[in-house]
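Taking the working numbering, I'd label the letters of the sequence shown as residues 0 to 218.
Scroll down for the structure; my scribbles are underneath it.
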Amino acid sequence: MANRRNILIGSGAAMVAAASGTGLTLLFGATSAMAQQFDAAKLLAPAGGYKDHPLGNPESKVTLIEYLSPTCPHCKAFALDVYPQLKAEYIDTNKIQFIGRPFIRNVLDAVVFMLAEAAGPEKYHEVVDTFFKTQDTWAASNTPNDAIFAIAQQLGFTKESYDAALKNQDLYAGLEAVQKQALDEFKLQGTPTFYINGKMLTGESSLEALKAEIDPLLA
Numbered sequence: 000m001a002n003r004r005n006i007l008i009g010s011g012a013a014m015v016a017a018a019s020g021t022g023l024t025l026l027f028g029a030t031s032a033m034a035q036q037f038d039a040a041k042l043l044a045p046a047g048g049y050k051d052h053p054l055g056n057p058e059s060k061v062t063l064i065e066y067l068s069p070t071c072p073h074c075k076a077f078a079l080d081v082y083p084q085l086k087a088e089y090i091d092t093n094k095i096q097f098i099g100r101p102f103i104r105n106v107l108d109a110v111v112f113m114l115a116e117a118a119g120p121e122k123y124h125e126v127v128d129t130f131f132k133t134q135d136t137w138a139a140s141n142t143p144n145d146a147i148f149a150i151a152q153q154l155g156f157t158k159e160s161y162d163a164a165l166k167n168q169d170l171y172a173g174l175e176a177v178q179k180q181a182l183d184e185f186k187l188q189g190t191p192t193f194y195i196n197g198k199m200l201t202g203e204s205s206l207e208a209l210k211a212e213i214d215p216l217l218a
C-alpha cells in the first residue's frame, strides 16, 4: 500500500480519480463469529501516531472499539441501523467509551478519513456519518472525485481545503499503520470488527448482541 502514498502529492482530484476502477479493496464485510481476546491496553494505543476520536465516558469500565470502512456496506448498515440506538443508550449516557477507528480497505476510505481529520475534532464524526449516509452516491460513482467533492462542499470544504486535506502524507502513513496493526496484531479479517474490552466480535452486530456483551461488564 505504500506506493499509494505518492498519489497524495497531486491534487485531491488526482487522488480520488486514481481510485476509480482500481480501489485497493482489501477486505469485505466480516460475517463469521469469533471470540478471541486481545490486550485491551494495546488496543487503546493505535499505531503510527494516529489519534482516536473517542465518544462517551473515558472512565467507563467498558470500551467498545469498532474498526470501520466508509465503503463497507456492512459498516453502513451498522452506522445507520444500530449505532444511533447504541449511542442513545450507552454513549450519550456515559455508560461506555466508544471509539470508531479507521480501517482503510481502499483509497476512497482514506479520502473520507482524511477529510474528517481536516474538518477538525468537532466535525470529525459528522463527516464520517455523512459519508455513510451517502455511500450509495459516491462509493460506486464512475466519477468519485466529483461525487465526494460535492458532499465535501456541503460539509464546508472549498476546492483549496479539499485538496490540502488529501496532501497530508503523515496522516496517510498513520492510517496505513493503523491498518497494518489491525491485521497483524489484532487479527482483523473484515469490517466491521468490534472489540469490547479486548474481546473481538466480527460482523454486522445487532444492538442485542452488543448489549449481551456490554451489560454484564457494567454490572
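Glycine included, C-beta positions come from ideal geometry on N, C-alpha and C.
On a predicted model such as this, the values are computed, not experimentally measured, just so you know.
Thinking C-alpha only, which one of the options is nearest residue i?
| i | options | result |
| --- | --- | --- |
| P215 | L85, V111 and K60 | K60 |
| E116 | G173, T190, A39 and D80 | G173 |
| T157 | A40, I64 and L114 | L114 |
| I195 | V126, S205, I213 and N56 | I213 |
| T190 | K75, A39 and E58 | K75 |
| I64 | E58, R100, A208 and A46 | R100 |
| V127 | L182, L217 and L67 | L67 |
| A44 | P120, F193, P72 and Q180 | Q180 |
In whole angstroms, give me the CA-to-CA distance for residue i and residue j.
| i | j | result |
| --- | --- | --- |
| S31 | F77 | Note that S31 scores a pLDDT of 43, beneath 50, so its modelled location is shaky and nothing firm can be said. |
| T70 | I95 | 26 Å |
| A118 | F102 | 18 Å |
| Q219 | V81 | Any property of residue 219 remains undetermined from this structure, which presents the chain solely from 0 to 218. |
| Y123 | I90 | 16 Å |
| Y165 | V110 | Checking the sequence, you will find Leu at residue 165 rather than Tyr. If you take the alpha carbons of L165 and V110, they lie about 7 Å apart. |
| G20 | E175 | Low confidence applies here, because G20 scores a pLDDT of 39, under 50, leaving its location unreliable; read the following figure in that light. Looking at the two C-alpha atoms, the distance is approximately 21 Å. |
| Q35 | L209 | 15 Å |
| L85 | D162 | 34 Å |
| F193 | N105 | 20 Å |
| E121 | F112 | 14 Å |
| P57 | D51 | 12 Å |
| L217 | P83 | 20 Å |
| Y171 | A46 | 12 Å |
| L182 | P72 | 20 Å |
| E125 | E88 | 19 Å |
| L187 | D145 | 32 Å |
Excluding the 5 residues flanking residue i on each side, which residues of the same chain have their C-beta closer than 6 Å to its C-beta?
| i | result |
| --- | --- |
| F185 | F37 |
| F97 | L54, G55, L63 and I90 |
| A39 | N196 and G197 |
| Y49 | G173 and V177 |
State buried or exposed for residue i, treating a residue as buried only when at least 16 other CB atoms are found within 10 Å of its CB.
| i | result |
| --- | --- |
| G28 | Confidence in G28 is poor, its pLDDT being 45 and thus under 50, which makes the residue's placement unreliable; the coordinate value appears in the next sentence. Classification of G28: buried, given that the 10 Å Cβ count is 16 or more. |
| A211 | exposed |
| D92 | Sequence inspection shows Thr at residue 92; the Asp mentioned does not correspond to that position. T92 should be labelled exposed. |
| N141 | exposed |
| Q134 | buried |
| S205 | exposed |
Within the same chain, show all residues whose beta-carbon is closer than 8 Å to that of residue i, passing over the 5 residues directly before and after it, in chain order.
| i | result |
| --- | --- |
| T129 | I150, Q153 and L154 |
| A160 | Sequence check: residue 160 is Ser here, not Ala. Contacts found: A117. |
| F131 | P69, C74, K75, A78 and L79 |
So, does the CB of residue i fall closer than 8 Å to a CB anywhere in chain D?
| i | result |
| --- | --- |
| L54 | In the displayed structure, chain D is absent; only one protein chain is listed. |
Is there at least one non-hydrogen atom of the ligand ADP closer than 7 Å to the beta-carbon of residue i?
| i | result |
| --- | --- |
| T133 | Judged by which ligands are present, the structure shown has none, so any question about the ligand ADP falls away. |
Alpha helix (DSSP H) segments (min. 4 residues) lying fully within the stretch 66-107: Correct list: 72-80 and 82-85.
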